[in-house]
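Asks:
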Amino acid sequence: MRRVAIVGYAQTQHQFDMQKTREDMVFEVVKEALSHAGITRGEVDTVVTASTDFLDGRTISSVFLSMAVGAYLKDESKTEEDGTSAAWYAFMRILSGVHDVALVEAHTQGSTFNPHQVSFYTLDPLFDRQIGVLNDVSAAAIQARMYMSSYGVSEEEIAMVSVKNLSNAAKNPFAQRRMPDLTVEEVLGSKLYYHPIRELMMSPISDGACALVLASEEKAKEITDTPVWIEGVGVCQDFYLRDRNLLELDSLRKAAKDAYEMAGIRDPYAELDVFEVSEKFAHEELMIYEALGLCRRGKGKVLLERGATEKGGEIPVNPSGGALAADPVCATGLVRMVEAAKQIRGEAGEYQIPGVRRALAHGQFGMCAQKNWVFILGGEG
Amino acid sequence: MLHLEREGIVRVKGLPFVARFKWSTGFLMERFIKSLAEKKLLGAKCPSCGYTYVPPRSRCGKCLTKLGEKNLVELSGRGVLVGYTTAYVGLDGEGNFVDLEKPRVIGAIKLEGADSTIFMPIGEIDPEGVREGMEVEPKWREATRGELADIEYFKPSR
Ligand SMILES: [Zn+2]
């Protein structure tokens, strides 16, 4: 099989209202990713973007973005959902042997329209929308309570995830929430939405975009001395909310298993140096530890309490601050890939984890993390 | 953070447009909705794997078997609360979270004889008194008409 590498990337400074048109935001991030790779628009063979009509407020949400991503008179397509889906698609296009260089771009301007309201429109129109009690936050709250009562997890323990990630984000210039001195008490004192979910336990509404450049092995070696290889990928989706077990992230567990198998990883705890995951709600990060096979079911809080997932721990998770620090919805998983690649190349500045050789990046979409993408990235060779 | 109205916003027409969609419910869902008039809750039991859907589905998502009228089963209506949350806010349909005057309970319910979980409002209960494992039943509106609104909410049994 061909090998494919990440050879360049860029992200915006994520913020609630960036006072910029969607087209300018995307143009600038793409231009920056190409210059980070040191290539020109002409060298790109195929362009894959990710955005969602409901979030962009436009049918065919890529409309008027062909210019911004430099795709006029080029092979171009758009995927829905998280940007990791676009990266996965672009990866396969290069594997096909038809293309050598792919540009991947994903974005959302959450200030356009509340993404939580949009989540309501992902429900079954014939029943759940009519009943009217569910949205991504209320569904996450039901899941969080089930998880808490099944495994004896407290609100304080969930708040500790927010404290870890938002204080990590203090060193990340691209993050929206940078809170170096945040305490558990402050998290538990923030506005209550659906018990136990409070404002600082859910991701913020962000405007932002992210782009990365992928290349085949030969091209990657021409472009850079430090390619970041895609060693494994796994994608999986769960049943609709009514017919799945909310206590588990089964589809993430399966996606991770496939990615580990492809990358030849037997013991993720020992073999991976850093994790960048899309925890849209604080409790999800604990469930993600379990689904990634870093601990047994219900033991996520033990990893957190032991400090294993802190920046200085054995398995740092979200040194960038994760999705709790910025959530430009469709870009969020792609940002995780960029952050993981930065760690491998030693470009993470003040939140650099020393000696990273292999990293995991995770993207998700849908209520209670219904669909998941897992990438294993590696340096050297 | 969620306050989307700002000074200097110029409103334009056509975004978002209003589209009136006409979705087909399918025969089984139509039966489900019409049976509510008789205060009956129907599920669809898969003849191959036994999984029981509520509301009914016309194809089993677990084993892909086609489900028909003969697979409809009448449920007792009683169920168990397997999860819940107390809502302090609600979405107004236009992108704003609005504070509720009184907190409301939202329940995840497994109905007797069903495998699906349904998410329903829970009434006649103090949010402090909700417990997982509680038995619940539908509160029907007085004059049922064969509409989803025939179920006002679920309430603790007895
Ligand atoms: Zn079946």
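From first to last, the protein sequence lines are chains A and B.
When we follow this note's numbering, the leftmost residue of the first sequence carries the number 129, and every step to the right adds one.
When we follow this note's numbering, the leftmost residue of the second sequence carries the number 40, and every step to the right adds one.
Glycine included, each C-beta is placed from N, C-alpha and C at the ideal position.
(1) Shorter than 8 angstroms from the beta carbon of B:Trp179 to some beta carbon of chain A?
(2) In or out: A:Thr250 buried (at least 16 other Cβ within 10 Å) or exposed?
(3) Between the segment 391-407 of chain A and the segment 271-283 of chain A, can you find at least three pairs of beta-carbon atoms closer than 8 angstroms?
(4) Do you know offhand how far A:Lys148's Cα is from A:His227's?
(5) Which class does A:Gln498 belong to by DSSP, given the choice of helix, strand or coil?
(6) Please give the ranges of any beta strand (DSSP E) in the segment 435-507 of chain A, keeping only runs that are unbroken, at least 3 residues long and fully inside the region.
(7) Using a Cβ-Cβ cutoff of 7 angstroms, what residues of the segment 250-272 of chain A are near chain B? List them in chain order.
(8) Is A:Tyr479 a contact residue of ligand 1, with contact defined as CB to any heavy atom under 7 angstroms?
(9) Only counting the same chain, and skipping five residues up and downstream in sequence, which positions put a Cβ closer than 7 angstroms to that of A:Phe219?
(10) Can you tell me whether DSSP reads A:Gln143 as helix, strand or coil?
(11) Excluding the 5 residues flanking A:Lys299 on each side, which residues of the same chain have their C-beta closer than 6 angstroms to its C-beta?
(12) Considering only their Cβ atoms, is the gap separating A:Asp184 from A:Thr240 smaller than 8 angstroms?
(13) If we cut at 8 angstroms on Cβ distances, does B:Phe193 have a partner in chain A?
(14) Please confirm if A:Gln245 has its CB atom under 8 angstroms from at least one CB of chain B.
(15) Could one say the Cβ of A:Leu320 lies closer than 8 angstroms to chain B's Cβ atoms, at least one of them?
(16) In angstroms, rounded to a whole number, what distance separates the CA positions of B:Met40 and A:Gln258?
(17) Beta-carbon within less than 7 angstroms of A:Ala383's beta-carbon, same chain only, minus the 5 sequence neighbours each way: which residues are those?
(18) For the structure I just gave you, are there three or more beta carbon pairs, one from the segment 303-323 of chain A and one from the segment 117-130 of chain B, closer than 8 angstroms?
(19) Near A:Ala138, what residues of its chain come up, given a Cβ to Cβ distance below 6 angstroms and the 5 sequence neighbours on each side ignored?
(20) Under the rule that 16 or more other beta-carbon atoms within 10 Å means buried, what is A:Lys470, buried or exposed?
(21) Quick check: the segment 229-236 of chain A against the segment 167-177 of chain A, are there 3 or more CB pairs under 8 angstroms?
(22) Is B:Met40 helix, strand or coil when you go by DSSP?
(23) For the alpha helix (DSSP H) that contains A:Gly524, what are its first and last residues?
(24) Quick check: what's the CA-CA separation for A:Leu488 versus A:Ser406?
(25) For ligand 1, is there any heavy atom lying closer than 7 angstroms to the beta carbon of A:Tyr368?
(26) For B:Ala153, does the three-state DSSP call read helix, strand or coil?
(27) Using a C-beta cutoff of 8 angstroms, does B:Leu75 count as contacting chain A?
(28) How many Å lie between A:Glu376 and A:Ile416 at the Cα?
Replies: This is what the structure gives:
(1) Here residue 179 of chain B refers to the residue found at position 140 of the second sequence. Answer no: the Cβ-Cβ gap between B:Trp179 and chain A never drops below 8 angstroms.
(2) By one-based count along the first sequence, residue 250 of chain A stands at place 122. Buried: at least 16 other Cβ atoms inside 10 Å.
(3) no
(4) Walking along the first sequence from the start, residue 148 of chain A turns up at place 20. Walking along the first sequence from the start, residue 227 of chain A turns up at place 99. Roughly 32 angstroms between the two C-alpha positions.
(5) Residue mapping note: residue 498 of chain A aligns to position 370 of the first sequence, counting from 1. Reduced to three states, the DSSP call for A:Gln498 is coil.
(6) 486-493 and 499-506
(7) Pro253, Leu254, Phe255, Asp256, Gln258, Ile259, Val261, Leu262, Asn263, Ser266, Ala269 and Ile270
(8) Reading the first sequence from its first residue, position 351 is the one you call residue 479 of chain A. For ligand 1, not one heavy atom lies less than 7 angstroms from the Cβ of A:Tyr479.
(9) Counting from 1 along the first sequence, the entry for residue 219 of chain A is found at position 91. Once the five neighbours on either side are set aside, the close Cβ partners of A:Phe219 are Val132, Leu342, Ile358 and Val361.
(10) Start at 1 with the first residue of the first sequence, and residue 143 of chain A comes out as number 15. In the structure shown, A:Gln143 sits in a strand (DSSP, three-state: E or B).
(11) Translated into positions along the first sequence, residue 299 of chain A becomes position 171. Closer than 6 angstroms at the Cβ level, and outside the excluded window around A:Lys299, lie Glu478 and Tyr479.
(12) Taking the first residue of the first sequence as position 1, residue 240 of chain A is located at position 112. Taking the first residue of the first sequence as position 1, residue 184 of chain A is located at position 56. Yes.
(13) For this step, residue 193 of chain B is matched to residue 154 along the second sequence. So no, B:Phe193 is outside the interface.
(14) Residue 245 of chain A sits at position 117 when you count from the first residue of the first sequence. By this cut-off, A:Gln245 is an interface position.
(15) As a first step, residue 320 of chain A is located in the first sequence; it is residue number 192 there, counting from the start. Judged by the 8 angstroms Cβ criterion, A:Leu320 is in contact with chain B.
(16) As a working note, residue 40 of chain B is residue 1 in the second sequence. As a working note, residue 258 of chain A is residue 130 in the first sequence. Because the pLDDT of B:Met40 is 41, which lies under 50, any placement of that residue in the model is unreliable, and the question is left without a value.
(17) Locating residue 383 of chain A in the first sequence gives position 255, counting from the first residue. Same-chain partners within the cutoff: Gly362, Val363, Cys364, Asn500, Trp501 and Val502.
(18) yes
(19) As a working mapping, residue 138 of chain A is identified with position 10 in the first sequence. Closer than 6 angstroms at Cβ, skipping near neighbours: Val157, Glu160, Ala161, His164 and Ala339.
(20) As a position in the first sequence, residue 470 of chain A is number 342, starting the count at 1. So A:Lys470 ends up on the buried side.
(21) With a cut-off of 8 angstroms, the segment 167-177 of chain A and the segment 229-236 of chain A count as touching, because enough Cβ pairs lie within range.
(22) For the purposes of this step, residue 40 of chain B is taken as residue 1 along the second sequence, with counting starting at 1. Bear in mind that a pLDDT of 41 at B:Met40, under 50, signals an unreliable position, so the number given afterwards is only what the model happens to contain. B:Met40: coil per DSSP, three-state reduction.
(23) This structure cannot settle anything about residue 524 of chain A, because the visible part of chain A is limited to 129 through 509.
(24) On the first sequence, residue 488 of chain A is found 360 positions in, with the first residue counted as 1. On the first sequence, residue 406 of chain A is found 278 positions in, with the first residue counted as 1. Cα to Cα, A:Leu488 sits roughly 11 angstroms from A:Ser406.
(25) For the purposes of this step, residue 368 of chain A is taken as the residue at position 240 of the first sequence. Checking every heavy atom of ligand 1 against the Cβ of A:Tyr368, none is found closer than 7 angstroms.
(26) Against the second sequence, residue 153 of chain B aligns to sequence position 114. B:Ala153 falls in the coil class under three-state DSSP.
(27) Translated into positions along the second sequence, residue 75 of chain B becomes position 36. Output row for B:Leu75: interface = no.
(28) Reading the first sequence from its first residue, position 248 is the one you call residue 376 of chain A. Reading the first sequence from its first residue, position 288 is the one you call residue 416 of chain A. C-alpha separation (whole angstroms): 9 angstroms.
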